[in-house]
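Residue numbering for the sequence shown follows our numbering, starting at 627 and increasing by one per position.
For reference, the structure discussed in these notes is given below.
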Amino acid sequence: MELFPVKSYLEYLFKARHYKGHGIHSPFMFELVSDVLFDRHPYYAFDEIRRYREKLKNSHQVIEVKDHGAGSHKLKSNIRKVSDIYRSSAIKKKYGEILFRLITRYKNKNIVELGTSLGVSTMYLALTGNSNIVYTIEGCPETAAVARAGFKNSGLKNVNLINKTFEDALPEIFKEIDTIDLLFVDGHHKKDATLRYFEMCKQKAGNDSIFVFDDIHWSKGMEEAWEIIRNDDAVTISADLYQLGLIFFRKECQKQHYIIRY
Ligand SMILES: C[S@@+](CC[C@H](N)C(=O)[O-])C[C@H]1O[C@@H](n2cnc3c(N)ncnc32)[C@H](O)[C@@H]1O
Numbered sequence: 627m628e629l630f631p632v633k634s635y636l637e638y639l640f641k642a643r644h645y646k647g648h649g650i651h652s653p654f655m656f657e658l659v660s661d662v663l664f665d666r667h668p669y670y671a672f673d674e675i676r677r678y679r680e681k682l683k684n685s686h687q688v689i690e691v692k693d694h695g696a697g698s699h700k701l702k703s704n705i706r707k708v709s710d711i712y713r714s715s716a717i718k719k720k721y722g723e724i725l726f727r728l729i730t731r732y733k734n735k736n737i738v739e740l741g742t743s744l745g746v747s748t749m750y751l752a753l754t755g756n757s758n759i760v761y762t763i764e765g766c767p768e769t770a771a772v773a774r775a776g777f778k779n780s781g782l783k784n785v786n787l788i789n790k791t792f793e794d795a796l797p798e799i800f801k802e803i804d805t806i807d808l809l810f811v812d813g814h815h816k817k818d819a820t821l822r823y824f825e826m827c828k829q830k831a832g833n834d835s836i837f838v839f840d841d842i843h844w845s846k847g848m849e850e851a852w853e854i855i856r857n858d859d860a861v862t863i864s865a866d867l868y869q870l871g872l873i874f875f876r877k878e879c880q881k882q883h884y885i886i887r888y
């Protein structure tokens with residue numbers, strides 16, 4: 627086992643607090659913790675996602691993967707079983723449910739996702755029942771094809787999957803939308819790349835936008851990127867859940883960083 631994640635996780639455990647609504651002065655943050663992070667209300671949409679997960683877990687399909695990002699810590703060959711890709715890259719249930727509850731609570735309309743993979747996280751973003759549109763970007767054609775089939779099968783009409791690199795797809799999306807209301811960054815986990823996408827997407831951030839970064843402690847470089855992002859002048863509230871980092875731009879809130887035991 628690599629030493630970096632162990633050290634970084636122990637540091638997180640040491641600093642993280644069990645908030646669950648106590649000791650929070652910001653009303654916005656209080657609501658975020660109680661209504662979004664620690665709400666355990668079951669939604670019908672989760673059944674649909676559970677069925678899709680089962681299908682991927684039991685799939686015998688093999689595809690050729692073209693990597694545009696930082697690669698996988700776990701999978702080395704580019705000929706991969708869909709079931710292995712699912713196990714190594716699909717968002718964990720409890721974090722996917724946060725994305726779903728964020729959108730359910732804050733009614734974000736224009737959603738942008740960097741890193742579709744098989745589309746599991748996209749389903750949490752798209753199945754919220756609000757009239758939102760999800761632009762999701764995946765560079766690998768065969769991976770994107772599996773996701774596309776999954777969206778079709780689930781009857782999703784509000785997903786626009788763009789099979790390009792993030793760099794090429796973002797300017798196209800920006801021609802169509804004024805603000806990114808929710809951004810989920812889950813691909814190309816390198817410091818410089820992450821900061822580049824942040825700078826690009828920040829141009830489209832409004833006061834109520836929410837940006838969510840996955841794997842903020844995946845490597846030293848990702849941790850450095852996260853530190854720079856949360857300290858950016860445009861960012862007021864930030865929350866570190868170890869797996870995910872959330873940032874908010876709300877000018878009415880004081881700048882504050884929360885490390886939350888999740
Ligand atoms: C961790 S996976 C995404 C998992 C997905 N969000 C989920 O939870 O189900 C990252 C994906 O991003 C894609 N990717 C990485 N860097 C990219 C880039 N620069 N342009 C386009 N796609 C990229 C990879 O091909 C991979 O499928």
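No residue lacks a Cβ here, since even glycine has one placed at the ideal position from N, Cα and C.
Considering only Val662, Leu629, Phe630, the residue with the shortest C-alpha distance to Ile886 is Val662. Counted as a single uninterrupted DSSP element, the stretch harbouring Ile799 is not any beta strand (DSSP E) but the alpha helix (DSSP H) occupying residues 792-802. The continuous beta strand (DSSP E) containing Asp866 extends over residues 863-866. The three-state reading of DSSP puts Ala831 in strand, counting E and B together. Within the model, the alpha-carbon separation for Ser698 versus Leu744 is close to 15 Å. A straight line joining the alpha-carbon of Asn684 with that of Glu723 spans about 22 Å. In the DSSP annotation of this structure, Leu725 is not part of any beta strand (DSSP E); the continuous alpha helix (DSSP H) holding it starts and ends at 719-732. In this structure, Leu744 has its beta carbon less than 7 Å from a heavy atom of ligand 1. Annotation for Phe777: the continuous alpha helix (DSSP H) segment containing it runs 767-779. With a threshold of 16 other beta carbon atoms within 10 Å, Gly871 meets it and is buried. In the displayed model, Ile806 falls within a strand according to three-state DSSP. Counting C-beta pairs with one atom in each stretch, the stretch 733-740 and the stretch 748-758 have three or more that are closer than 8 Å, which means they touch. Note on the stretch 634-677: whole alpha helix (DSSP H) runs with a minimum of 4 residues are 653-657, in chain order. Remark: three or more beta-carbon pairs, one from each stretch, lie closer than 8 Å, so the stretch 746-753 and the stretch 780-799 are flagged as touching. If you look at Thr748, you'll find it in the alpha helix (DSSP H) that goes 746-752.
With three or more CB-CB distances shorter than 8 Å, the stretch 829-837 counts as touching the stretch 802-814.
Leu740 sits buried, since 16 or more C-beta atoms from the chains shown fall within 10 Å of its C-beta.
The beta carbons of His814 and Phe792 sit about 6 Å from each other, so the pair counts as a contact at 8 Å. By the CB criterion at 8 Å, Ser634 and His843 fall inside the cutoff. The alpha-carbon separation between His651 and Lys718 amounts to approximately 30 Å.
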